[in-house]
Structure formats: structure tokens, C-alpha cells
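Each remark here refers to the structure printed beneath this line.
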Amino acid sequence: MGCTKTVKKEPREEVKRAIAISGGGPTLGIAIGALESLQTEGIQFDVYSCACIGSWVVCIYLSKDGTESKAGIEHLKKVYQENFRPDEVYKSYPFASFFQPDIKHYLDCYSNKVLDKSTYEHLFLPDEWLKLLQKWMQSPGSGDMLSFLNDFYPLNPVIRFWSEVIFKSSLCGLVKQPNADALAAGKIDFAKLNEATPRIYTNAYCFEKQAIVLFTNKAKHESPASTNGYDLITADNLMAGSSLPYIYEPRPIDGQYYCEGATVDTVNFKSLLDNHPDLEEVWVLKIVDYKQMKRPQNLVEGLSNFPMIFADTVADDDIKLFRYHLLEEEKFDLKYEKAEYEADSRLDEYDEKMKPTLWKSCQQPDDKQQHDDKKKIKLVTIRVNYKDVNFDWNQANLKKGIKAGRDAANRRVDSYREYMKRPFSLSRGT
9 MGCTKTVKKE
19 PREEVKRAIA
29 ISGGGPTLGI
39 AIGALESLQT
49 EGIQFDVYSC
59 ACIGSWVVCI
69 YLSKDGTESK
79 AGIEHLKKVY
89 QENFRPDEVY
99 KSYPFASFFQ
109 PDIKHYLDCY
119 SNKVLDKSTY
129 EHLFLPDEWL
139 KLLQKWMQSP
149 GSGDMLSFLN
159 DFYPLNPVIR
169 FWSEVIFKSS
179 LCGLVKQPNA
189 DALAAGKIDF
199 AKLNEATPRI
209 YTNAYCFEKQ
219 AIVLFTNKAK
229 HESPASTNGY
239 DLITADNLMA
249 GSSLPYIYEP
259 RPIDGQYYCE
269 GATVDTVNFK
279 SLLDNHPDLE
289 EVWVLKIVDY
299 KQMKRPQNLV
309 EGLSNFPMIF
319 ADTVADDDIK
329 LFRYHLLEEE
339 KFDLKYEKAE
349 YEADSRLDEY
359 DEKMKPTLWK
369 SCQQPDDKQQ
379 HDDKKKIKLV
389 TIRVNYKDVN
399 FDWNQANLKK
409 GIKAGRDAAN
419 RRVDSYREYM
429 KRPFSLSRGT
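The opening residue of the sequence shown carries number 9 in our numbering; numbering runs sequentially from there.
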């Protein structure tokens with residue numbers, strides 16, 4: 009009988025993973041569905057980097073059990089099922105439950121403006137009236153009524169008064185943000201969040217500092233680039249990071265005012281590498297895209313489209329900049345990127361993308377790259393069919409988003425695992 013050789017298997021190395029989740033308001037169902045798929049498939053993350061609604065989704069999810077869990081997903085679904093409006097209600101009241109009018113605040117702002125003496129300082133402009141009279145006397149009958157009204161309205165004292173009161177009072181958002189602690193109550197257990205296994209980062213833009221400010225869920229930081237200076241995540245700074253200008257008023261914290269960080273930096277890519285230089289994979293979930301946009305049919309749809317255009321553009325630009333930064337540092341796994349395009353049947357797009365690249369020196373032959381894989385960072389992108397989801401805050405759209413996110417994550421996990429079966433690839437052993 010022949011002698012059988014025993015082969016000793018080396019234990020698989022664990023992969024340090026991060027996931028970046030963008031904002032996107034009513035498209036948050038995509039994030040829920042994707043997280044559900046990743047949790048079911050056992051894909052775990054050491055770091056979560058988020059902005060705006062993505063921050064709320066992650067904090068609600070991970071504060072249930074302190075780690076990725078089915079109970080956390082069910083809790084997340086329940087919270088947003090209760091906060092997205094029933095379809096029949098939404099049809100004639102198309103506003104999110106988060107956008108509650110504060111009548112007292114409106115009246116306070118308007119009444120303060122009415123009582124402010126500066127409101128009346130420039131109501132009457134005799135010199136401008138004289139100029140208008142001269143203009144129309146010099147060319148009588150040459151203009152139409154619309155032109156006349158366009159010149160008349162800005163000088164009319166009554167119209168000037170109401171314009172001053174309505175548009176220049178201290179009211180600077182369509183809705184005043186609710187009490188943060190009340191909004192988070194029953195949704196986020198901050199004690200568990202602070203003990204959660206993954207590291208979480210959220211952001212907000214500070215007007216006084218003119219800079220992005222990061223918040224985290226742990227007081228201590230294990231990386232070489234210490235982040236002990238980051239404040240802990242609270243309901244207040246989560247609200248600050250969700251203060252979309254014109255819709256939500258800026259959020260005051262300790263005398264400083266904040267708005268949504270995603271308007272400047274989507275998910276803190278640079279800080280992600282500074283704080284975790286040993287990352288091997290960065291998964292990216294962009295939950296809003298221009299393909300979701302449709303021609304607005306009314307004011308509600310017009311307002312919904314407005315912030316999403318810029319949210320998509322900023323997110324796309326940040327992802328491209330992150331990729332270029334990795335290429336420049338020779339840390340980007342081009343081999344994996346090509347395989348991902350191949351799995352998505354987009355090789356023609358990949359070839360076109362690589363033609364003008366300035367990073368040819370980073371493209372190494374397969375035989376060399378395969379030995380250097382563990383030094384490279386895989387950028388794993390979860391591609392969503394965005395056309396299935398719109399900007400409605402109703403329960404039907406939430407369900408569509410969850411399905412779209414789940415399907416997208418399932419496809420990416422399948423192609424990712426297929427790639428990881430190849431020689432010289434690393435896997436977490438999930």
C-alpha cells in the first residue's frame with residue numbers, strides 16, 4: 009500500500025476590512041438590505057465609516073448587540089418601518105416623519121424679525137423710485153407688464169417688508185430638527201455602541217472651524233495614528249451630521265454650528281487610512297446615484313432631487329480620489345479591480361477607463377502582483393440597481409431599497425468569493 013503524504017494546511021490569514029456607507033436620505037433601504045446580506049454571508053467589518061443617514065443606519069444596527077447580528081438587522085428594519093410613512097398617508101402628505109413642522113419656532117423667528125427695528129430701515133427707497141419713474145418716462149409703452157412688475161415689486165414697501173420677514177428672519181431651514189435624544193430613544197443604545205466590536209466613524213462639517221469633524225464610538229484607539237481627540241458619537245452629533253442646509257437648520261453643539269459632513273467629505277476616506285494603515289479591504293456602498301433621478305413633476309420631487317444630485321457627485325468624486333491616492337501610494341489592488349469589472353461584464357468600460365490613466369507604473373504583471381496581494385488594498389464596490397429606488401419616504405420605497413441593497417450585496421459577495429478562491433488570494437474564512 010502506497011504511503012500517503014500528509015499536507016499541513018496553513019491557517020488562513022484574517023483580512024482587516026472597512027466599509028464606507030454614504031448618505032442618501034430616503035434611499036437608506038439600500039444600506040439595510042446590503043448589511044442584511046453581508047451579515048447573513050458572514051462578511052464582517054472591523055471599521056465602519058459613514059455619513060448622514062448612513063451613520064444612523066450603522067449606529068442603530070450595531071448598538072443592538074454590539075456587533076453584526078440578525079437581531080441588529082431586524083431592529084434596524086423595525087425602526088425604519090415605523091418611521092417611513094404608510095403608502096396611503098404619503099400620497100397626499102409626501103413628507104418624511106423626520107420633517108416635522110415646528111409652528112412655535114416659525115412664529116418665534118418671524119415675530120423677532122417683526123420686532124427688530126433693522127427690519128424697517130430700508131423699506132422706503134425714494135431714490136430708487138425716482139430712477140424707476142425716469143426709466144419709464146423716457147421710454148413709455150416700450151416695456152410689457154411683466155417687466156414693469158419686476159421693477160415695481162422690489163421697491164414696494166409692503167412686499168419688501170414681507171420679503172424681509174419671511175426670507176431674512178433667523179429661520180434657515182424648512183424644518184427645525186427634533187430633540188436628538190428623543191429621536192434616538194429606543195433606536196440607539198449608546199452604551200452598547202461604545203462597547204461595539206467594530207470601530208465606527210461619523211462626520212459633520214463645523215462652520216466655525218471650517219473643517220470636517222469626526223466622531224467615533226470608542227474612547228480609545230488602537231491604531232498608530234491616535235484619534236483620542238475625536239468626541240464620542242452622540243445623538244446630538246448624529247443630528248449635526250444630518251443637518252442638510254435649507255432643509256434642516258444647522259445644529260448647535262457647545263456654541264458651534266454643524267451641518268451635514270457629506271456635503272464636503274462623503275465617508276472620510278483619507279482619515280480611514282490614517283487611522284487604520286493595516287486595512288486590506290475597503291468595501292464601498294454608495295446608496296444614492298444620479299440614475300435614481302427622474303424629471304420632477306412637482307415641488308416635492310424637485311426638492312428631493314436637489315440635494316441628491318450633489319450627494320451623488322461628491323460621493324463619486326471621493327471614491328475616485330481615494331482610488332487615485334491608493335494608486336499613487338502603490339497600495340491599490342488593480343488585479344482585483346479588473347476581476348470585479350469582469351464579474352460585472354464591464355471589461356469594455358474598464359479598458360476605456362485604463363487608457364488615459366497616469367498610473368501605469370502601478371500596474372504590475374500578474375506573477376509579481378499575486379505575491380504582493382497582501383500589501384495591496386482591495387476596493388470592493390457594491391453596485392446597486394438604483395433605478396428600482398426613488399426619493400419617496402414611504403414604506404413601499406423602503407422595501408424596494410432593502411431588496412435592491414440585498415441583491416447588490418449578494419452579487420458582490422458571490423463574485424468576491426469566486427475571486428478569493430484563486431491562488432495567492434486571502435480570505436477571512438467566512
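Virtual Cβ for every residue (Gly too), placed ideally from N, Cα, C. Keep in mind the model is a prediction, meaning the values are calculated, not measured.
Quick one: what's residue i bridged to in DSSP?
i      : result
Lys386 : Glu289
Cys117 : Partner(s): none; Cys117 has no beta bridge.
Val442 : The structure shown does not extend to residue 442, since the chain is modelled only from 9 to 438, so the question has no answer here.
Gly181 : Tyr254
Arg207 : Val55
Phe340 : Ile385
Measuring alpha carbon to alpha carbon, tell me which residue in the options is nearest residue i.
i      : options                        : result
Asp244 : Ile261, Ile255, Leu252, Val292 : Ile261
Ser251 : Val55, Gly37, Trp64, Glu49     : Trp64
Ala26  : Cys60, Leu43, Ser178           : Leu43
Phe169 : Lys217, Tyr88, Asp239, Ser119  : Ser119
Ile68  : Gln185, Leu191, Leu163         : Leu191
Val397 : Pro34, Ala28, Val23            : Pro34
Glu49  : Val55, Ile327, Gly41           : Gly41
Val23  : Ala227, Arg425, Glu288, His130 : Glu288
Leu327 : Val308, Glu360, Val290         : Contrary to the premise, residue 327 reads as Ile rather than Leu in this sequence. Minimum Cα distance to Ile327 is reached at Val290.
Val183 : Ile255, Met145, Val66          : Ile255
Val166 : Gln185, Lys143, Leu201, Val122 : Val122
Phe106 : Tyr427, Gly80, Asn187          : Asn187
Ala404 : Gly194, Asp95, Glu203, Gln108  : Asp95
Met428 : Tyr344, Lys363, Leu406, Tyr349 : Tyr344
Thr224 : Gly237, Lys217, Phe92          : Gly237
Ser178 : Asp116, Leu307, Phe156, Asp341 : Asp116
Asp73  : Cys60, Glu203, Asn164          : Glu203
Leu281 : Ile295, His333, Ala323         : His333
Ala416 : Ala319, Asp197, Ile295         : Ile295
Cys267 : Ala248, Lys85, Lys346          : Ala248
Mind checking which residues open and close the beta strand (DSSP E) that includes residue i?
i      : result
Gly409 : Segment 403-428 is the alpha helix (DSSP H) holding Gly409; no beta strand (DSSP E) there.
Gln264 : 264-268
Pro260 : 259-261
Val55  : 55-58
Using the rule of at least 16 other Cβ atoms within 10 Å of the residue's Cβ for burial, across every protein chain shown, is residue i buried or exposed?
i      : result
Pro232 : Note that Pro232 scores 46 on pLDDT, short of 50, meaning its location in the model is unreliable and no value can be drawn from it.
Lys383 : exposed
Ser234 : Because Ser234 carries a pLDDT of 47, less than 50, the predicted location of this residue cannot be relied on, and no value is offered for it.
Gly263 : exposed
Tyr128 : exposed
Tyr209 : buried
Met316 : buried
Phe330 : buried
Phe340 : buried
Val97  : exposed
Pro134 : exposed
Tyr101 : exposed
With respect to the alpha helix (DSSP H) encompassing residue i, which residues constitute its N-terminal and C-terminal limits?
i      : result
Leu246 : 243-248
Leu84  : 78-91
Leu70  : 61-73
Gly37  : 37-48
Arg168 : 165-175
Thr155 : For the sequence presented, residue 155 should be read as Ser rather than Thr. First-last of the alpha helix (DSSP H) with Ser155: 153-160.
Lys195 : No alpha helix (DSSP H) holds Lys195; DSSP gives it neither H nor E.
Asn187 : Per DSSP, Asn187 belongs to no alpha helix (DSSP H) and is neither H nor E.
Asp297 : Premise fails: Asp297 is in no alpha helix (DSSP H) and is neither H nor E.
Val97  : 95-100
Asn283 : 277-283
Tyr394 : Looking at the DSSP string, Tyr394 is not in any alpha helix (DSSP H), and its letter there is neither H nor E.
Gly128 : As written in the sequence, residue 128 is Tyr, which differs from the Gly given in the question. Counting along the chain, Tyr128 falls outside any alpha helix (DSSP H), and DSSP gives it neither H nor E.
Taking DSSP as the reference, what is the three-state secondary structure of residue i?
i      : result
Gln146 : helix
Gln29  : First, the amino acid is wrong: residue 29 is Ile here, not Gln. Strand at Ile29.
Leu123 : helix
Leu240 : strand
Phe107 : coil
Phe330 : helix
Phe314 : helix
Thr274 : coil
Asn306 : coil
Ala351 : helix
Lys133 : It is worth fixing the name first, because residue 133 is Leu in this sequence and not Lys. Looking at Leu133 - three-state DSSP - the assignment turns out to be coil, as it is neither helix nor strand.
Lys139 : helix
Val322 : helix
Asp400 : coil
Ala8   : Only positions 9 to 438 of the chain appear in this structure, which leaves residue 8 out of reach.
Glu22  : coil
Lys363 : coil
Any heavy atom of the ligand ADP closer than 6 Å to the beta-carbon of residue i?
i      : result
Asp124 : Absence of the ligand ADP is noted for the structure shown, with no ligands found whatsoever.
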